[in-house]
Amino acid sequence: MRKIPLLVLLMGIFELKAQTITIPIETSQNALVLQTDKDNRLGIIHFGKKLSQSSEYVTIGQSLKYNDNNAGIYNSIYTPSGSWSLVEPAFEVLHTDGNTSSELKYVSHQTQKIDENVSQTSILLKDPIYPVEVTLFFKTYAKENVMEQWSVIKNQEKGNLILKKYASANLYFVAKDFYLHHYHGGWAKEMKPEDTKLTAGIKTLDSKLGTRANLFQPPTFMLSFDRQANEDDGKVLLGTLAWSGNFKIDFEKDSYQNLRLIAGINPFASEYTLAANEEFKTPSFIQTYSENGKGEASKNMHNWARKYRLLDGEGSRLTLLNNWEATYFDFDETKLTSLFKGAKELGVDMFLLDDGWFANKYPRNGDVAGLGDWQENKKKLPNGIGYLVKEATKAGVKFGIWVEPEMVNPKSELYEKHLDWVIREPNRPETYFRNQLPLDLANPEVQDFVFGILDDLFTKNPELAFIKWDCNAVTYNAHSMYLERTKKPQTQLYVDYVKGLYKVLERIRAKYPKVPMMLCSGGGGRVDYEALKYFTEFWVSDNTDPLERVFMQWEYSYYYPAIAQCNHITDWSNVGIKYRTDVAMMGKMGYDIVVSKLDEKELLFSQNVLKNYKNLKETIWHGDMYRLVNPFENQMASVQFVNDKKDQSVMFNYLTENRYDLNSLLSNIKLKGLDANKKYKVKEINLYPGTSSTIKENIIYSGEYLMTIGFNPSVSNRRTSVVIEINEVK
Ligand code: GLA
């Protein structure tokens, strides 16, 4: 036997140890720690609270036991398929030579500090056999405790690489139990929550709807560790995928208390071909983790969204009067201009003209025709949009307009001229959703057309102040004539549609950076954090019944800040105007009513509320939100907003169950987020004319008192909606 010199042996051991790479990715509170194993595969060794001594992370890996060697390690940061792992993969490809296996090993990593708060770590992984690379990106927002994750896959083979599964994120957690808070929905029934304890196997949240991705299931969820997290305690991850198309989020739990989360574009009918040297960037998975409950996690997300994601998130918004429910398709110039006066009288900033203003050969007098023909309807609007903009300006309000540029009615000139622009199976009967079909945004000509609709409107009417961008159909018969013509696989349509949409939005924002735009989709079937890069707000739901909205807005509020949520007061329900208005005030407020039909008291009430809103909107839009009383567990809801300086706050309280036994309403509600040492006065606002408040106004409370002893807004079946303004006494 050859003798190995001691020095070489020692060097070998040293080298082996040195090869273990530990990568902590941290925010101010949390850490995701990755480490290479003996085979140079990268796994997650810690997810949760960060350690103050980051050198100690190295030790975690030594105590980590992988539970079943036969099934490979479980903690992979990007689980490949077809080799050593038998669990749900994050990454599955078909190589040029037909081979289906993949392996990803650590090569290198780097962390770049973008500014004081934001850092980006990128980690290069490579298949040792095939020239395929995956770079994992982790962008951290320290103060907000938010992490954004995506991956870039690069094909360096000589021929095509087919991506079968290409997740954005693959996380791994260990806990006693896992509880998932997720949603289902439908038109006018958005964001219905459900809680489930995860059992062994895979729980999937997904969408295959194409355009209106989250009509039935949104890509947002909260995952609690060990036990159900509450508003103020418990460990919880709040996550969402920033992608306006089909998504899939898998939660795979095994028999060893391991949970893997794999989130990304839905692989359903979506194989994507990468030619040699091409790369694919996945959408972002965005998450925040808190050990102090859902409230803190949600606050993290709000702070991040306003500062870094939502268009003009730290800016202002316009209050408006919309004509949809007031007129539907039945209007003309005279009727519209008469509504402008109402907008002014009410005191809103803008009038928003909804659906029905366009198309001539097949006039848009209902939802069966005209979509796609974006010329003003000459009969309804003989003097065009320009005239309306002028008249609105004369009446003292701004003017905004509705479009649904991604869609076409088969009864339209667009359909007649450009059948090849329509998503449809040429050999099968067409299937409609609201009598319409999506246009093929994979096609650059269609992208130009969609951009052109907006560009034309803005060019002709530079004063146009607002766009409501609608999208009312899902994608049936997902077939693209463009992909067929260019000999690209049809399986790219779902992905290329969304990429095409983003290209259009990118162009719109390059030319019109700040014009406020509302993201709408036959109610709230479409909202995510990629689309919100381009939109200032989103339509929560067509359902404006205020009682329903208390619950719906409650759930949306975990993920999206109030400034992004459009809440309109409409005649959808016959609940009194006060309750309707108070609920709408908890976000970006608007109206969809005929002002001239309000009686004297209703008008006076609404005018006063708009004045109150002016005074409080900064606190509602930019302040911290606190959920005080959960309507899913109580007979009422209570929500509070506090501004940065903690000198103004507003508390919204609603009766949500009109039972005889209202004892639970008698107790005080503890406020949150105030300054314990400041002195405050509370005052009931939004009082209906002719009523008086039961709340005493001349008491001065300390912040400590309001947060420790609390305060009773006196909600009852005679006071079903109570808004309290809280101001510092200086
Ligand atoms: C969708 C929207 C509504 C309205 C109509 C117009 O349903 O959600 O607010 O704009 O379209 O057709």
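Residue numbers (the working numbering): 12 to 741. C-beta atoms are modelled at their ideal positions from N, C-alpha and C, and glycine is treated no differently.
CB of residue i to nearest heavy atom of the ligand GLA: below 7 Å?
| i | result |
| --- | --- |
| ASN334 | no |
| CYS577 | no |
| TRP550 | yes |
| GLY533 | yes |
| ASP378 | yes |
| ASN483 | yes |
| ASP365 | yes |
| ASP582 | no |
| ASP553 | yes |
| TRP315 | no |
| TRP413 | yes |
Helix, strand or coil for residue i per DSSP?
| i | result |
| --- | --- |
| PHE340 | coil |
| TYR487 | coil |
| GLN659 | strand |
| ASN664 | strand |
| TYR691 | strand |
| SER266 | coil |
| VAL145 | strand |
| GLU37 | strand |
| ALA82 | Because ALA82 sits at a pLDDT of 48, beneath the cut-off of 50, its placement in the model cannot be relied upon, and the point is left open. |
| ASN446 | coil |
| PRO455 | helix |
| ASP603 | strand |
| GLY463 | helix |
| ASN166 | strand |
| VAL379 | coil |
| VAL98 | coil |
| ALA280 | coil |
| LEU685 | coil |
| PHE703 | Correcting the residue identity first, residue 703 is Ser in this sequence and not Phe. In the structure shown, SER703 sits in coil (DSSP, three-state: anything other than H, G, I, E or B). |
| ALA595 | helix |
| TRP161 | strand |
| THR348 | helix |
| PHE643 | coil |
| ASN333 | strand |
Hey, quick one: how far does the alpha helix (DSSP H) through residue i stretch, first residue to last?
| i | result |
| --- | --- |
| ARG638 | No alpha helix (DSSP H) contains ARG638, which is instead part of the beta strand (DSSP E) from 635 to 640. |
| ASN519 | One detail in the question is off: residue 519 reads as Ile in this sequence, not Asn. 504 to 522 is the extent of the alpha helix (DSSP H) around ILE519. |
| MET492 | 492 to 496 |
| LEU109 | The sequence given here has Gly at residue 109, not Leu. Run containing GLY109: none; DSSP gives neither H nor E here. |
Take residue i and list the residues in its own chain whose beta-carbon comes closer than 7 Å to its own, dropping the five residues that flank it on each side.
| i | result |
| --- | --- |
| PRO278 | LYS175, LYS176 and LYS259 |
| LYS422 | TYR373, VAL379 and ALA380 |
| HIS313 | PRO572 and MET636 |
| SER255 | ALA224, VAL509, LEU512, ARG537, ASP539, GLU541 and ALA542 |
| LEU717 | LEU682, LEU685 and TYR691 |
| LEU329 | ASP360, MET361, LYS409, ALA476, PHE477 and PRO527 |
With a threshold of 8 Å on Cβ separation, who are the neighbours of residue i within its own chain once the five nearest residues in sequence on each side are excluded?
| i | result |
| --- | --- |
| GLY377 | PHE340 |
| ARG670 | GLN646 |
| ASN269 | ASN78, TYR85, ASN86, TYR183, PHE184 and VAL185 |
Enumerate in chain order the residues of its own chain whose CB-to-CB distance from residue i is below 6 Å, with the five nearest sequence positions on each side excluded.
| i | result |
| --- | --- |
| ASN78 | Residue placement at ASN78 is poorly supported in this model, since its pLDDT is 45, which falls under 50; the coordinates are not used for a value here. |
| HIS106 | TYR141 |
| TYR699 | LYS589 and PHE616 |
| THR502 | ALA280, SER281 and GLU282 |
| SER532 | ARG223 and CYS482 |
| VAL457 | TRP432, LEU450 and ASP451 |
| ASP658 | GLU739 |
What residue does the beta strand (DSSP E) around residue i start on, and which one ends it?
| i | result |
| --- | --- |
| ASP206 | 203 to 208 |
| ALA648 | 647 to 653 |
| TYR712 | 711 to 713 |
| HIS57 | 53 to 60 |
| TRP480 | 477 to 480 |
| LEU364 | 361 to 364 |
| GLU736 | 732 to 739 |
Query raised in the report: Going along the chain, which unbroken runs of the beta strand (DSSP E) with 3 or more residues stay wholly within the region 514 to 591?
Result: Complete beta strand (DSSP E) runs here, min 3: 528 to 530, 548 to 550 and 576 to 581.
Requested in this report: Any chance you could list the alpha helix (DSSP H) runs of at least 4 consecutive residues sitting entirely within the region 181 to 260, in chain order?
Outcome: None, since the region 181 to 260 contains no complete alpha helix (DSSP H) of that length.
Query raised in the report: If you scan the region 281 to 317 from start to end, which runs of the beta strand (DSSP E) of 3 or more residues do you find wholly inside it?
Result: Complete beta strand (DSSP E) runs here, min 3: 283 to 285, 290 to 292 and 295 to 301.
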